[in-house]
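Asks:
If you want it as structure tokens, here you go:
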């Protein structure tokens, strides 16, 4: 029997320690290393995943999540994600003359992990900027679309308390995302700015991050589809390398 005043917390921390040390670990490995029964382990893992302390990767193994990264920035995998992504952001920026950023998702907000602003284009948000989902719907959309309807509604209605005139535009954004799997904002907030958001997945149904591009609307002309295609390729490549 545990002698700590919070045995569930102790067990959750033990799971985190194992995952951080091993870098990736399967359910069966965790069960063997902790000695927890299936029901209890499932419960602890569900809570840790919900709070984004851990994630599942493409191999269906558990890895550290964004919350640990945003708290301490000591996860090699998240640092590797930033390093890999930044190289591609630079390449895309130089190729198309646009600004790009990589945004990571947690259970209630996002954070800008890395970025490359083009000298002749818009600057976009700074690295380490965080926003609650109801504060920035365009970049939040790939994540909140996967939430329960009640939570989706809460976030969207909170957003509309400040931007009630954007309801029709948001519905268009949602419909486009559901049909095409990416965000294409042709002026949702600023009519002169074009924004593209390509989700990045790591084995979960919800995206773990979004690869975002921003530019003056007139800059790309007829090259929008080429940019989207290149960003999709980069998103897949990053996922395969990191997760």
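In the numbering used here, the protein residues as written are 57 to 299. Beta carbons: idealized from backbone N, C-alpha and C, even for Gly. Just so it is clear, the structure is predicted and the values come from calculations on it, not from any experiment.
What are the boundary residues of the alpha helix (DSSP H) that includes residue 170?
Replies: Premise fails: residue 170 lies in the beta strand (DSSP E), 165 to 172, not in any alpha helix (DSSP H).
Asks: What alpha helix (DSSP H) runs, 4 residues minimum, are completely inside the segment 73 to 113?
Replies: Counting whole runs of 4 or more residues, the segment 73 to 113 contains the alpha helix (DSSP H) stretches 83 to 90 and 94 to 106.
Asks: Let me check understanding here. Comparing Cα to Cα, which of 247, 246 and 263 lies closest to residue 254?
Replies: The residue with the shortest Cα to Cα distance from residue 254 is 263.
Asks: Helix, strand or coil for residue 179? Go by DSSP, reduced to three states.
Replies: DSSP places residue 179 in coil when its eight states are reduced to three.
Asks: Name the residue from 171, 272 and 192 whose alpha carbon lies nearest to the alpha carbon of residue 242.
Replies: Looking at the Cα atoms, 272 is the closest of the given residues.
Asks: Three or more C-beta pairs under 8 angstroms: does that hold for the segment 141 to 156 against the segment 268 to 286?
Replies: Contact holds: three or more Cβ-Cβ distances are below 8 angstroms.
Asks: Going by beta-carbon coordinates alone, are residue 122 and residue 82 separated by less than 8 angstroms?
Replies: No, Cβ-Cβ distance for residue 122 and residue 82 is not below 8 angstroms.
Asks: Using CA coordinates, which residue listed in 147, 111 and 86 is at the minimum distance from residue 173?
Replies: Closest option to residue 173, Cα to Cα, is 147.
Asks: Judging by CA-CA distance, which residue of 137, 231, 226 and 117 is the nearest neighbour of residue 170?
Replies: That would be 137, whose Cα lies nearest to the Cα of residue 170.
Asks: Excluding sequence positions up to five away, which residues of its chain have a Cβ less than 8 angstroms from the Cβ of residue 106?
Replies: The answer, listed in chain order, is 163.
Asks: Does the beta-carbon of residue 247 have 16 or more other beta-carbons within 10 angstroms, so that it is buried, or is it exposed?
Replies: The residue is exposed, with fewer than 16 neighbouring Cβ atoms inside 10 Å.
Asks: How would you label residue 100, buried or exposed, when you count the other beta carbons within 10 angstroms and need 16 or more for buried?
Replies: Looking at its Cβ environment, which holds 16 or more other Cβ atoms inside 10 Å, residue 100 is buried.
Asks: Along the chain, where does the beta strand (DSSP E) containing residue 265 start, and where does it finish?
Replies: Where residue 265 is concerned, the enclosing beta strand (DSSP E) stretches over 265 to 272.
Asks: To which residues does DSSP link residue 185 through a beta bridge?
Replies: BP columns for residue 185 are empty, so no partner.
Asks: Should residue 259 and residue 67 be called a contact, given that it needs their Cβ atoms to be closer than 8 angstroms?
Replies: For residue 259 and residue 67, no; Cβs fall outside 8 angstroms.
Asks: Whole angstroms is fine: what's the gap from residue 317's alpha carbon to residue 70's?
Replies: The structure shown does not extend to residue 317, since the chain spans only 57 to 299, so no value can be given for it.
Asks: Is residue 257 helix, strand or coil by DSSP?
Replies: Here residue 257 sits in coil by DSSP.
Asks: Which one or two residues does DSSP pair with residue 352 in a beta bridge?
Replies: With the chain covering only 57 through 299, there is no way to say anything about residue 352.
Asks: What is the DSSP secondary structure of residue 119, reduced to helix, strand or coil?
Replies: In the structure shown, residue 119 sits in a strand (DSSP, three-state: E or B).
Asks: Quick check: what's the CA-CA separation for residue 139 versus residue 159?
Replies: Distance between the alpha carbons of residue 139 and residue 159 is about 13 angstroms.
Asks: Compare the Cα-Cα distances from residue 221 to each of 289, 244, 232 and 200 and report the closest residue.
Replies: If we check each option's Cα against that of residue 221, 244 comes out closest.
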